[in-house]
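Protein chains in written order, with the numbering used here: chain C, 787 to 1186; chain F, 787 to 1186.
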């Protein structure tokens, strides 16, 4: 008896690889700052739990597979506020954005289909795509260019007879890159010209800084209704990762039908969290603005500390809560191991996400790391100082 | 742009087909008894919500992908009580049993693999298996034999070089068939002899009647640790379908690793419901006994009413909360349509699940329907009376 081929070829998440060394370091009394995972530290709005506490049902039944009608209405209103005319029938609630991705992938990909994705990308796309035999064709983006990829030539040259979709994530995990409205429209245009789906993962939508505006591919959907599929989630926006409420939004009738098939098969998304999520979509604009400011300030601090480090390559990212940095090391995973096993600064060290797993192209991303600024300002300052000192110490050991 | 081949070939759930006629009937003032869906009416134990209300976290974070450690401990103790030595590391919490099935299927099936499943079976197996290109090879069971299938010859003759697993569901949805301990051991033995996974979907485990005992393939796992994979869920056991808490339980290390890959990719199961589920596993034996008695009584009433109906074929089922009945009609879907469009008894009618969708073999199951006895005793009596009268009226119209 053997496991499936797809799972045999799946690489372990680096988080798992480092875990035993993390435990060892903690045993030695080392404090670790966790910049490695995208778990926000911002408080979940209290009304979420209050709404759930008010739930009066005697039987916790399946909700409709598409989602709680009240929540669909609230999400529709939220999109309306941002200038998008989606109807409740265009919105399908999923078990987090993850299930949304899976439902969409199952609905459109056949074995051997190609999907164009800017690289580096959110690593879990790989496993869900592997289920349906879809092949990732990466748009290569570079630290030196701030991971820019919104370019017709860069994208079009990758299109083949097997291309079925372009999948983008703006603001991006892991790079923080934010597409402009013009770039979004360009991608939609390419999608329409070549009859491709454009899957837009917008779970970090509100987290944009400087001159970047909160936006969505949905704003420009007119004429591209059949191409565009949006993935969204309450996890990051409202700091409610544990709730597992995401959604698929599209006007493509055939895709909607196919996604609904999968949602009916899995019966329902979590009921209580859908009740709580209704509250979240009633939050005033000030809520979003406050969270945005918190992350922007942190981004500023992280960035200003990072550029003090000699020989790193890092362009100021305009969105999400990640910064990707190219380090003066050959292998960021080995450097992370060093930081856990052989280094501390005043009994403290840091964890980050080595970027290898965010790349499809073998050999790319080895020198890059992703920092999630989901800790307070003081910790970010300390963490980046530890990173700087760690790199110095690593260099001295000539392990660079 | 086209949707995927797998979704093109997916048939719609009959529930959806009948929905507009249901709405129409209700508009005409007809009361409908819903025997068509497996949504229990039994109250969710109040402690579930109380435990959630006591949740004090300020940030609703992702839980560990494997599940809340406290819940894993409680589930381990529950299995221990039933004579099974599973460790917390053998238990993986999923978004309902549905995600558990998907995670297991992704872990073991390659395109073209065959899985042997007694027919009729839980219809949603089809869609999740279609994701991974696995082919269903049905063991044909029959209403006349009480859907018995636990027979070496019946099973072994279906094994080919492509067979990868046997998937069973006891107590069964839709038939109510319950495997004996000997039959379970026979299936494990066949699995070991032919190097097959035995996937046992045991979400109705507690709902067994007459001389049937609460049991599990896990009780006999010794020597079959690598073969056996159990799917379980709190949905039916504790009437908590909306919580979406299920689990995969196995001692097969490679399968555990592969399932964990998928669970890590989708990050976490719902957090609050895992907190609530801890309470459910603290319920005393009396809870299970009371629920069991409630369903057994209903089964008795439903069965005794059903066998009064002329020309139906129905053996008394010993488990789950379903009865499958072979009707004296050519097409149970057409009969359901009649019951909604052209029939009422004192302004009342019933819905049931026509069994076509529970079959893989084309042309089988057309005369059968599934009744879910998830309504109170009075409603069951009335409902079966309506069924009897409906059949008479249908026969008079010579539409049989």
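From the three backbone atoms N, C-alpha and C, an ideal C-beta is built for every residue, glycine too.
query                                                                                                                                : result
Span of the beta strand (DSSP E), counted from its first residue to its last, around residue 1030 of chain F                         : Counting along the chain, residue 1030 of chain F falls outside any beta strand (DSSP E), and DSSP gives it neither H nor E.
Closer than 7 Å at the beta carbon, the chain C residues around residue 949 of chain F                                               : What residue 949 of chain F touches in chain C: nothing, since even the nearest Cβ is about 11 Å away.
Uninterrupted alpha helix (DSSP H) stretches inside the region 1088 to 1129 of chain F (no shorter than 4 residues)                  : 1118 to 1127
Proximity below 9 Å, CB of residue 1017 of chain F to CB of residue 986 of chain F                                                   : yes
Given 8 Å, three or more beta-carbon pairs between the region 859 to 866 of chain C and the region 807 to 815 of chain F             : no
Backbone CA spacing between residue 1038 of chain F and residue 793 of chain C [nearest angstrom]                                    : 14 Å
Selected residue, minimal CA-CA separation from residue 968 of chain F, among F:803, F:997, F:961, F:936                             : F:936
Anticipated Cβ contact below 8 Å, residue 821 of chain F with residue 1161 of chain F, distance rounded                              : 7 Å
Where the region 874 to 887 of chain F meets chain C: residues whose CB sits under 8 Å from a CB there                               : 881, 882, 884, 885
Residue 1085 of chain F at chain C interface by Cβ criterion, 9 Å                                                                    : no
Distance between beta carbons of residue 828 of chain C and residue 845 of chain F, contact taken as under 8 Å                       : 7 Å
Sequence-distant residues of the same chain with beta carbon closer than 8 Å to residue 1188 of chain F, five excluded per side      : The first residue shown for chain F is 787 and the last is 1186, placing residue 1188 of chain F beyond what the model contains.
Cβ contact check for the region 1102 to 1111 of chain C and the region 1145 to 1157 of chain C: 3 or more pairs under 8 Å            : yes
Proximal residues of chain C, C-beta to C-beta of residue 1007 of chain F below 8 Å                                                  : Residues of chain C passing the Cβ test: none, with the nearest at roughly 15 Å.
Distance, residue 1058 of chain C Cα to residue 1072 of chain F Cα                                                                   : 27 Å
CB contact below 9 Å: residue 799 of chain C versus chain F                                                                          : yes
Bridge partner(s) assigned by DSSP for residue 987 of chain C                                                                        : C:955, C:1017
Exposure label - residue 974 of chain F; buried when at least 16 CB within 10 Å                                                      : buried
For residue 892 of chain C and residue 790 of chain F, the rounded distance between their alpha carbons                              : 7 Å
Start and end residues, beta strand (DSSP E) containing residue 926 of chain C                                                       : 921 to 926
Three-state secondary structure (DSSP) of residue 809 of chain F                                                                     : helix
CB of residue 1105 of chain C within 9 Å of CB of residue 990 of chain C, strictly                                                   : yes
Stretch-stretch touch, CB-based, cutoff 8 Å, three pairs: the region 1128 to 1145 of chain F with the region 1079 to 1088 of chain F : no
Nearest-angstrom Cβ-Cβ length linking residue 950 of chain C and residue 1011 of chain C, presumed shorter than 8 Å                  : Contact doesn't hold; Cβ gap of about 18 Å is too wide.
Cβ separation of residue 852 of chain F and residue 1049 of chain F, assumed to be a contact under 8 Å, to the nearest whole Å       : 6 Å
Distance cut-off 8 Å: residue 1107 of chain C Cβ against heavy atoms of the ligand PLP                                               : For the structure depicted, the ligand PLP is absent and the ligand set is empty, with no information on it obtainable.
Alpha-carbon to alpha-carbon, residue 1044 of chain F and residue 847 of chain F                                                     : 24 Å
Residue 1033 of chain C versus residue 1163 of chain C - alpha carbon distance                                                       : 32 Å
Coil, strand or helix - residue 1258 of chain C by DSSP                                                                              : Since the first and last residues shown for chain C are 787 and 1186, residue 1258 of chain C lies out of range.
Where the region 916 to 933 of chain C meets chain F: residues whose CB sits under 8 Å from a CB there                               : 917, 918, 919
Test item: CB-CB of residue 909 of chain F and residue 1143 of chain F under 9 Å                                                     : yes
Exposed unless 16 or more other CB atoms sit within 10 angstroms - verdict on residue 1147 of chain C                                : exposed
Distance between residue 1008 of chain F and residue 979 of chain C (C-alpha atoms, nearest Å)                                       : 60 Å
Residue 824 of chain F vs residue 959 of chain F beta-carbon contact at 9 Å                                                          : yes
Interface residues of chain F facing residue 761 of chain C [CB-CB closer than 9 Å]                                                  : Residue 761 of chain C lies beyond the range of chain C shown here (787 to 1186); nothing can be said about it.
Secondary structure, alpha helix (DSSP H): runs of 4+ residues fully inside the region 862 to 932 of chain F                         : 882 to 894, 911 to 917
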